[in-house]
Amino acid sequence: MNVEQITERIRGYQKDGKRLFASSSFQTHSIPLLHIISQIDRSIPVIFINTGYLFPATLIFRDQVAKSLGLTIINVSSVVSRNLQRDGTGNLFFTSDPDRCCYLNKTQPMEPVLTEYDIWINGIRADQNANRNKMSVEQDGAFNCKRFHPLLDWDNRMVYRYINQHKLPRHPLDDQGYLSIGCEPCTRKLDMTNDRDGRWFGLNKTECGLHTDLVNK
């Protein structure tokens, strides 16, 4: 979808009385969608999931982008304290059960949000992994909240063309070689062919659950 089509679709949702929200991890490739939303309606809330394990640079970048674009940010986090996120031997789940860690810190905090809205706008792209390649621009999601993926057919060249065209900022860790930035313990800087190869490196895992568990299949 191009910017005009995205704008028309979002305004169509609003005209129909739908309750909209967006989510963002505030990586560099997140910025085009956030900028587009800011040009349409800055009151559309942007949910930011703070797992407690994020790079400090991500939190700083979030605040800078939110201020410059005038975004309405809602921060959510797990109701389970980090000290209780341990297995039977006392190890934190991210070391022994990363799926459980992701559920507690990302998927579960998003669940109550979905019950309050009709449309979830998020910036996944089909070229990021096999799971996302199977998804549609509009797709039924959990708790009767429809998912809207306006950038599904975009690629890296389109993302950076938009960033350069509008002189938008980039995540400060980009310059250090991080192509996809999530939680600090589960993100590596590697010589990669795919942006997300540095996430959960060495594990048979490519998603945190937001785009698997919260999709109606």
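Once you know that position 19 of the sequence shown is 19 in our numbering, the rest is easy, because the numbers rise by one and skip nothing. Think of the CB as a built atom: it goes at the ideal place given N, C-alpha and C, for glycine as much as any other residue.
Using 8 Å as the Cβ pair cut-off and three pairs as the minimum, do the segment 28–38 and the segment 165–182 touch? At 8 Å Cβ cutoff, the stretches touch.
A130: buried (16+ other C-beta within 10 angstroms of its C-beta) or exposed? Its Cβ having fewer than 16 others within 10 Å, A130 is exposed.
Assign R199 to buried or exposed, taking buried as 16 or more other Cβ atoms, counted over all protein chains shown, within 10 Å of its Cβ. Legend: pLDDT at R199 = 49, less than 50; position of this residue unreliable, value from coordinates given subsequently. Answer is buried; the Cβ neighbour count reaches 16.
Strictly by DSSP, which residues pair up with Q5? In DSSP, Q5 forms no bridge with anything.
Identity of the residue in I37, K67, F143 and L71 nearest Q14 by Cα: Q14 has its Cα closest to that of I37, out of I37, K67, F143 and L71.
To which residues does DSSP link T72 through a beta bridge? Paired residue(s): P45.
Just to confirm, is the Cβ distance from V76 to I49 under 8 Å? Yes; because the gap between Cβ atoms is below 8 Å, this pair is in contact.
Buried versus exposed call for N216 [16 or more other C-beta atoms within 10 Å across all chains shown]: By the Cβ neighbour-count rule, N216 is exposed, with fewer than 16 other Cβ atoms within 10 Å of its own.
Where are the beta strand (DSSP E) runs, 3 residues long or more, that stay fully inside the segment 12–64, in chain order? DSSP runs (the beta strand (DSSP E)) wholly in the segment 12–64: 20–23 and 45–49.
What are the boundary residues of the beta strand (DSSP E) that includes F93? Note, F93: premise wrong, no beta strand (DSSP E); alpha helix (DSSP H) at F93 to S96.
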